[in-house]
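A.B. asks:
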Amino acid sequence: MARAIWKGAISFGLVHIPVALVSATTSNSVDFDWLDKRSMDPVGYKRINKVTGKEVTKENIVKGVLHEKDRYVVLSEEEIRSAHPKSTQTIDIFAFVDSQQIPLQNIDTPYFLTPDKRGEKVYALLRETLVDTQKVALANVVLHTREHLAAVMPLESALVMVILRWPADVRELDALELTEAVTDARLTKSERDMAKRLVKDMSADWQPDQYHDTFQEKIMQLVQTKAGEGKIEDVETDPGEEERKSADVIDLTDLLRRSLAGKSSASKTRKSAAKAKVADKQSPKPKRPAVRKKTGKAS
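Pasting the structure below:
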């Protein structure tokens, strides 16, 4: 079974349905890594100051929102965190609507909803109710600190949740500026009949097994062919990075071992942390202006 990426409950009225969220999609696209053709070393990304051209370290980067041309409002990480919605682990249903009322352009990412053993019957009840009434449930849900608008709907024997784009993020058709030649087209009966006949001749059933990403298939065939011919380049990773990763594992293992050793070690750790926290509070912090000039966008 696919791994659950979120666990919570569907809530509407007094009904509470324990569920887990499973991604309904997977990515099979080719992953191209950048390599230096002279040495076959991996090529990474750097944060570059767009004015000086010099690399900027992570600790010297702040986040700003463009307020007006060349002027930014800088927000601290704490201020950004305070704006995040509170996670309730609940898919909070607030309305039931006809599925035809949801515009296609608002549909974003689908997820499967799987029931907890304790909620299988009420899960089935919601599914059958949506089928009988031909409705979908509109809900609010918080995933990864972000609030989303979602639609819960039946799919055969299961329930699916589709993340919807906020209406403010979807452009109206007026943006196309369609002329009367399109909106009020004068089509003859002969033209309509021929078009319908063509549609009828080309009508078929939905057969997903027949639809393939030919680019993906051709690239992977090429990779297999070149690998079979021995055309494989050895790529060395940064040894310093491996050492850092190894050190992290050792530190974590040592931390766990000391945590299990007894109260004395834990007590020492707490006292050290408390002293550090007091020292941090006593040290003055530099003030940051609300608005500052900045030329690059935060990644």
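Per the working numbering: the sequence shown = residues 90 to 388. Using N, Cα and C, we set each Cβ at its ideal position, and we do this for glycine too.
Kindly give me the distance between the Cβ atoms of tyrosine 200 and alanine 113, rounded to whole angstroms, as I take these residues to be in contact under 8 Å.
C.D. replies: Counted from its first residue, the sequence shown places residue 200 at position 111. Counted from its first residue, the sequence shown places residue 113 at position 24. Yes, they are in contact, since the Cβ atoms of tyrosine 200 and alanine 113 sit about 5 Å apart, within 8 Å.
A.B. asks: I'd like the span of the beta strand (DSSP E) that includes phenylalanine 201, first residue to last.
C.D. replies: Here residue 201 corresponds to residue number 112 of the sequence shown, with the count starting at 1. It spans 196-204 - the beta strand (DSSP E) in which phenylalanine 201 sits, taken as one unbroken run.
A.B. asks: Ignore the nearest five residues each way along the sequence and tell me which others in proline 256's own chain have a CB closer than 8 Å to its CB.
C.D. replies: Counting from 1 along the sequence shown, the entry for residue 256 is found at position 167. The residues are Asn195.
A.B. asks: Can you tell me the Cα-Cα spacing of lysine 320 and glutamate 166, whole angstroms?
C.D. replies: Mapped onto the sequence shown, residue 320 falls at position 231. Mapped onto the sequence shown, residue 166 falls at position 77. About 47 Å.
A.B. asks: How do the region 176-183 and the region 220-238 stand: do at least 3 beta-carbon pairs fall below 8 Å, yes or no?
C.D. replies: Contact between the region 176-183 and the region 220-238 is present, because at least three Cβ pairs lie under 8 Å.
A.B. asks: From which residue to which residue does the alpha helix (DSSP H) around phenylalanine 304 run?
C.D. replies: By one-based count along the sequence shown, residue 304 stands at place 215. Note, phenylalanine 304: alpha helix (DSSP H), 303-317.
A.B. asks: Of all the beta strand (DSSP E) runs that stay within the bounds of the region 152-203, which reach a length of 3 or more residues?
C.D. replies: Listed in chain order, the complete beta strand (DSSP E) runs (minimum 3 residues) inside the region 152-203 are 152-157, 160-164, 179-187.
A.B. asks: Excluding sequence positions up to five away, which residues of its chain have a Cβ less than 7 Å from the Cβ of glutamate 144?
C.D. replies: Here the question's residue 144 lines up with position 55 in the sequence shown. Taken in chain order, the residues that qualify are Lys135, Arg136, Ile137.
A.B. asks: Applying the 10 Å Cβ sphere with the 16-neighbour rule, what's the burial state of histidine 105?
C.D. replies: Walking along the sequence shown from the start, residue 105 turns up at place 16. The residue in question, histidine 105, is exposed, as its Cβ has fewer than 16 Cβ neighbours within 10 Å.
A.B. asks: Tell me which residues share the same chain as valine 154 and place their Cβ nearer than 6 Å to its Cβ, disregarding the 5 neighbours each side in the sequence.
C.D. replies: Mapped onto the sequence shown, residue 154 falls at position 65. Within the same chain, valine 154 has close Cβ partners Val162.
A.B. asks: Please state the DSSP three-state secondary structure of methionine 283.
C.D. replies: Working through the sequence shown from its first residue, we reach residue 283 at position 194. Three-state DSSP puts methionine 283 in a helix.
A.B. asks: Pick helix, strand or coil for asparagine 138, following the three-state DSSP scheme.
C.D. replies: For the purposes of this step, residue 138 is taken as residue 49 along the sequence shown, with counting starting at 1. Coil, per DSSP.
A.B. asks: If you reduce the DSSP assignment to three classes, tell me which class lysine 147 lands in.
C.D. replies: Stepping through the sequence shown from its first residue, residue 147 is reached at position 58. The answer is helix: DSSP assigns lysine 147 an H, G or I state.
A.B. asks: Ordered along the chain, which non-local residues of its own chain (more than five positions away) have a Cβ less than 6 Å from that of tyrosine 212?
C.D. replies: In the sequence shown, counting from the first residue as 1, residue 212 sits at position 123. Hits under 6 Å: Ile106, Pro204.
A.B. asks: How would you label arginine 260, buried or exposed, when you count the other beta carbons within 10 angstroms and need 16 or more for buried?
C.D. replies: Taking the first residue of the sequence shown as position 1, residue 260 is located at position 171. The residue is exposed, with fewer than 16 neighbouring Cβ atoms inside 10 Å.
A.B. asks: Could you work out which residue in Leu232, Ile99, Asp323 is closest to arginine 207 when comparing CA atoms only?
C.D. replies: As a working mapping, residue 207 is identified with position 118 in the sequence shown. Closest option to arginine 207, Cα to Cα, is Ile99.
A.B. asks: At 4 residues or longer, and completely inside the region 206-262: list those alpha helix (DSSP H) runs for me, N to C.
C.D. replies: For the region 206-262, whole alpha helix (DSSP H) runs of length 4 or above, ordered along the chain, are 209-222.
A.B. asks: Do valine 119 and isoleucine 252 have their beta-carbon atoms positioned less than 9 Å apart in this structure?
C.D. replies: One-based indexing of the sequence shown puts residue 252 at position 163. One-based indexing of the sequence shown puts residue 119 at position 30. No, these two residues do not count as a Cβ contact at 9 Å.
A.B. asks: On a Cα-Cα basis, can you pick out the residue from Lys126, Val241, Lys278, Thr115 that is closest to valine 324?
C.D. replies: As a first step, residue 324 must be located in the sequence shown, where it is residue number 235. Comparing Cα-Cα distances from valine 324 to each of Lys126, Val241, Lys278, Thr115, the minimum goes to Lys126.
A.B. asks: Along the chain, where does the beta strand (DSSP E) that runs through valine 104 open and close?
C.D. replies: Counted from its first residue, the sequence shown places residue 104 at position 15. Looking at the DSSP string, the run of the beta strand (DSSP E) that includes valine 104 is 104-112.
A.B. asks: Since I believe methionine 250 is in contact with alanine 264 (beta carbons under 8 Å), could you give me their beta-carbon distance rounded to a whole number of angstroms?
C.D. replies: Along the sequence shown, one-based indexing puts residue 264 at 175. Along the sequence shown, one-based indexing puts residue 250 at 161. That pair is no contact at about 29 Å.
A.B. asks: Excluding the 5 residues preceding and the 5 following histidine 173 in the sequence, name in chain order all residues of the same chain whose CB lies nearer than 8 Å to its CB.
C.D. replies: Within the sequence shown, residue 173 is the residue found at index 84, counting from 1. Closer than 8 Å at the Cβ level, and outside the excluded window around histidine 173, lie Thr234, Arg235.
A.B. asks: Secondary structure at threonine 264, three-state DSSP: helix, strand or coil?
C.D. replies: The sequence position of residue 264 within the sequence shown is 175, counting from 1. Before going further, note that residue 264 is alanine rather than threonine in the sequence given. Helix, per DSSP.
A.B. asks: Could you check the C-alpha separation between threonine 177 and glutamate 148 for me, to the nearest Å?
C.D. replies: Position 88 of the sequence shown, counted from the first residue, corresponds to residue 177. Position 59 of the sequence shown, counted from the first residue, corresponds to residue 148. Cα-Cα distance, rounded: 32 Å.
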